[in-house]
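Take a look at the structure below.
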Amino acid sequence: MLTKINHIGIAVKSLDETIPFYRDNLGMALAGIEEVAEQKVRVAMLRVGESLIELLEPTSEDSPVAKFIEKNGAGIHHIAYEVADIEAALAKLCADGARMIDEKPRNGAHGTRIAFVHPKSSHGVLTELCQVAHHH
Ligand code: CMX
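Counting in the numbering used here, the sequence shown runs from 722 upward without gaps.
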């Protein structure tokens, strides 16, 4: 069902203050910056091998990422697994009784379709399923 780790989401207070560490000190290529209005975040994608690091900056105080940072400080926020067929993956998880945040896919950054499993069902790790626009 899962094909690889698409990205790891990291909550940050400021993209401008965080990007230099990943891009310049760790030497990752910045793949793009985009606002995802629906999620109230601005995201920067940095490439590491076949996976990405997704830096998440909240764009409003009621963003889920703002709430996370308030509670935990900046740090790892979620892990996103790539799936070839997100409807099939969601149907399986629902049939298995997992508590979903999204029962239907919604739009993520860079044309992806995403759905989150609630951390109460995934043992404390916010888990995202992600279907990329052009799956190979
Ligand atoms: N990882 C692990 N646990 C988390 C978590 C996270 N990122 N965020 C919240 N939790 C836990 C909390 O610690 C809390 O646990 P306890 O009850 O044991 O204290 C519980 O989940 C409820 O948390 P809360 O602070 O009360 O927050 P909410 O219930 O309001 O929201 C969540 C939590 C996960 C449902 C919400 O953040 C959500 O819907 N997230 C999915 C959307 C999202 O994160 N979007 C940003 C990324 C967008 C992108 O990648 O494009």
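All C-beta atoms in this analysis are idealised placements derived from N, C-alpha and C, irrespective of residue type, glycine included.
Go to A809, then tell me how far its alpha helix (DSSP H) extends in each direction, as first and last residue.
807-816
Distance check for R834 and H855, CA to CA, integer angstroms please.
11 Å
Rounded to whole angstroms, what's the CA-CA distance from D783 to E759? Just pull it up for me.
12 Å
Would you check if the segment 767-782 and the segment 723-732 touch, i.e. whether three or more CB-CB distances between them fall below 8 Å?
yes
Whose C-beta lies closer than 7 Å to the C-beta of K756 among residues of the same chain, with five residues either side of it excluded?
Before going on, a small fix: residue 756 reads as Glu here, not Lys. Here the set comprises R763, T780.
Run the CB neighbour count on I797, radius 10 Å, all protein chains shown included, and call it buried at 16 or more, exposed below.
exposed
Quick check: the segment 741-748 against the segment 815-824, are there 3 or more CB pairs under 8 Å?
no
For the beta strand (DSSP E) containing I835, name the first residue and the last one.
834-838
Examine the ligand PLP and report whether any of its heavy atoms sits within less than 7 Å of the Cβ of L776.
Inclusion of the ligand PLP in the displayed structure is not the case, the ligand content consisting of the ligand CMX alone.
By Cβ distance, which residues of its chain are closer than 7 Å to S842, with the 5 residues on each side in sequence left out?
A819, R820
Using a Cβ-Cβ cut-off of 7 Å (strictly less than) and excluding sequence neighbours within five positions of L751, which residues of its own chain qualify?
I740, R744, A765, L767
When you compare only the Cα positions, how much space is there between D790 and A805?
Here residue 790 is Ile; the residue named in the question, Asp, does not match the sequence. If I take the Cα positions, the gap works out to 31 Å.
Does the CB of R744 have a neighbour CB from chain D at under 8 Å?
Among the chains in the structure shown there is no chain D, since it carries only a single protein chain.
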